[in-house]
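Okay, so here's the structure we're looking at.
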Amino acid sequence: MNILIVGCGKAGSLLTQTLCNEGHDVTVMDTDSDVITAMINNFDVQGICGNGLILKDLLEAGVEHSHIIIALTDSDEVNIMCCLMARKCKARHSIARVRNPDYAEQMVFMREELGVSMMLNPEYHAANEIARMLRYPNAIHVETFAKGRLDLAEMKVTPGSDLDGLSLSSLPKKLKLHLLVCAVQRGDTITIPDGNFVLQGNDKIHITAVHSELAKFYKHFGEFKSPIRSVLIIGGGRISYYLTHQLTELGISVKIIEQDKERAKMLSSYFRKISVIHADGTDQDVLLEEGIENVDACICLTGIDEENIILALYAKKMGVEKIVTKINRNSLRSISDSVGLENIISPKTTTVDLILQYVRAKQNAVNSNIITLYRLADEKLEAIEFIIREQTHYVGVPLKDLRMNSGFLIVGIIRGSKRIIPTGQDTLKINDSVVIVTTKSKITSLDDIFEH
1 MNILIVGCGK
11 AGSLLTQTLC
21 NEGHDVTVMD
31 TDSDVITAMI
41 NNFDVQGICG
51 NGLILKDLLE
61 AGVEHSHIII
71 ALTDSDEVNI
81 MCCLMARKCK
91 ARHSIARVRN
101 PDYAEQMVFM
111 REELGVSMML
121 NPEYHAANEI
131 ARMLRYPNAI
141 HVETFAKGRL
151 DLAEMKVTPG
161 SDLDGLSLSS
171 LPKKLKLHLL
181 VCAVQRGDTI
191 TIPDGNFVLQ
201 GNDKIHITAV
211 HSELAKFYKH
221 FGEFKSPIRS
231 VLIIGGGRIS
241 YYLTHQLTEL
251 GISVKIIEQD
261 KERAKMLSSY
271 FRKISVIHAD
281 GTDQDVLLEE
291 GIENVDACIC
301 LTGIDEENII
311 LALYAKKMGV
321 EKIVTKINRN
331 SLRSISDSVG
341 LENIISPKTT
351 TVDLILQYVR
361 AKQNAVNSNI
371 ITLYRLADEK
381 LEAIEFIIRE
391 QTHYVGVPLK
401 DLRMNSGFLI
411 VGIIRGSKRI
421 IPTGQDTLKI
431 NDSVVIVTTK
441 SKITSLDDIF
451 EH
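Numbering (this note's numbering), first residue to last: 1 to 452.
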């Protein structure tokens, strides 16, 4: 596909790399000539030094031939206007990054009335991800499918625990639960395991189940943690704003430490029932005074990755059980994992994953049945939800009789209100939502996973 990206910051650069790796023809545009030079040198792209609001620049970038234009500049208004101009120039689809909370309530209006195909808010989606982590305190990450009816949770096998040395085939003998260990990360290696696979301490395992079954699983293996009741957020930016909305609705006690006085005042006026402290969240005395050692969770959301890592390590030292750290730089994410900081969120990565889901769904009309896409385990594993919209060769055939390509596993089937962890006897039906995990990339259709 021909894709035009306007704005080459952190998200734009990562998205360019991802789309190039997927084989798309990418053109990038930015007002900074040095940025464009770097993009051309680093990636197989065409580059235009220009402004997304200048018609001449858009035409020079080939906007009229673009299947998708993606506006990721620092200005919401520029992104929206750029997409409107692109649509008038016959670009087929448009995506605008819109981050201002004031625009959140009119996203639907902007999409439907202005014709912007997709509008995404990275901070809002990052807040959703953190909220899921807090609702499932045992898990490192939790992704949801079919509007929350099926969960894919990541957890680490504790050395010496009952899971350490356990073969997956013996799991059903130990507990009668409907769940599936669908992927295992051991070091840098990702495996889609069979029943003979033996778990080891420090393995990261991905489990598919409904929430109630996951809770029983954690409890059975001594990994159950109490629900989160109190949260300390360090940094009062947009993610904090969206997250506080969600947590207060869940009845969780929230305290925010924000260094900027005006921002602290604004948050205090928005949220009357929480504590907003105007102070430096990196000051040890402030953290102790605000009772960091007594909270159930600490969320580190300052604008500096290194600060967030240091704060998270300090919270861990103080005995905080659940710690979430915002880190955007990929180089720091691997370092953080090596020092035991596992609950990492990155608005930049969330943005790229959402756009990638949309791009794959639009590659052609037949393959527009992708509903959800997550990249897991340092982008080495993908979990994708499809809807079966028509009769195919794999509909109605028991799974045990279908020949599946290597590197794929069907981990869940949602049929109306019914949630199925599949066995070989199950079949796929039209209108099913089907969740797969795969170590492959560029998957756009369920057809890709079956041998013909």
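Every residue gets a Cβ at the ideal spot worked out from N, C-alpha and C, and that includes glycine.
Review point. Which one of Lys442, Arg238, Arg360 and Glu321 has the shortest CA to CA distance from Arg99?
Key: Arg238
Q: Using three-state DSSP, classify Thr392 as helix, strand or coil.
A: coil
Notebook entry, point to check: Considering Leu373, what are the terminal residues of the beta strand (DSSP E) in which it resides?
Noted result: Ile370 to Leu376
For this session: Indicate the three-state DSSP secondary structure (helix, strand or coil) for Met1 in the structure shown.
Result: coil
- Sub-7 Å separation of Asn343 and Met155 beta-carbons: no
Query raised in the report: Among all the DSSP beta bridges, which residues are the ones paired with Arg186?
Result: Thr189
Looking only at C-alpha atoms, which of Gly407, Arg389 and Pro398 sits nearest to Ile430? Arg389
So, do the stretch 330-341 and the stretch 290-299 have three or more beta carbon pairs nearer to each other than 8 Å? no
Can you say whether Phe386 is buried or exposed, counting buried as having 16 or more other CB atoms within 10 angstroms of its CB?
buried
Check your understanding: Roughly how many angstroms lie between the CA atoms of Arg149 and Pro398, to the nearest whole one?
Key -> 23 Å
* Could you give the residue range of the alpha helix (DSSP H) that holds Asp285? -> Gln284 to Glu289
* Asked: When you compare each of Leu243, Val142 and Val157 to Ala209 by their alpha carbons, which one comes out closest?
  -> Val142
Quiz item: Between Cys49 and Ile36, is the Cβ-Cβ spacing less than 7 Å?
Solution: yes
- Message: Could you tell me the alpha carbon to alpha carbon distance between Gln200 and Asp260, rounded to whole angstroms?
- Response: 46 Å
- Query: Considering Val437, what are the terminal residues of the beta strand (DSSP E) in which it resides?
  - Reply: Ser433 to Thr438
Do Lys348 and His93 have their C-beta atoms closer together than 7 Å?
no
Beta-carbon gap between Ile421 and Ile384 smaller than 7 Å:
no
- Query: Can you name the start and end residues of the alpha helix (DSSP H) that Lys156 belongs to?
  - Reply: Here Lys156 belongs to no alpha helix (DSSP H); instead the beta strand (DSSP E) covers Leu150 to Lys156.
* To do: Grab me the residues of Leu247's own chain with a C-beta within less than 8 Å of its C-beta, minus the 5 sequence neighbours each way, in chain order.
  => Ala131, Leu134, Val231 and Val254
Nearest to Val6 (by Cα), restricted to the options Gln357, Gly165 and Cys83: Cys83
- CB-CB length for Phe197 against Ile207, believed under 8 Å: Wrong, their Cβ atoms sit about 13 Å apart, outside the cutoff.
message: Are the CB atoms of Leu175 and His220 within a distance shorter than 7 Å?
response: yes
- What residues match up with Gly468 in a beta bridge as DSSP calls it? No answer is possible for residue 468: it lies beyond the span of the chain, which begins at 1 and ends at 452.
Skipping 5 residues on each side, what residues in its chain have a beta carbon closer than 7 Å to that of Leu409? Cys182, Ile192, Ile436 and Val437
Q) Is the CB-CB distance between Ile414 and Ser433 below 7 Å? A) yes
What is the DSSP secondary structure of Thr350, reduced to helix, strand or coil?
helix
Original post:
Roughly how many angstroms lie between the CA atoms of Glu77 and Asp188, to the nearest whole one?
Top reply: 41 Å
Report task. Specify, as a first and last residue, the run of the alpha helix (DSSP H) that Asp57 falls within. Result -> Leu55 to Glu60
**OP:** Following the continuous alpha helix (DSSP H) through Arg87, name the residue where it begins and the one where it ends.
**Re:** Asp76 to Lys88
Quiz item: Taking the Cβ atom as the reference point for each residue, do Ser80 and Ala96 lie within a distance shorter than 7 Å?
Solution: First, the residue type needs correcting, since residue 80 is Ile and not Ser in the sequence shown. Cβ atoms of Ile80 and Ala96: closer than 7 Å.
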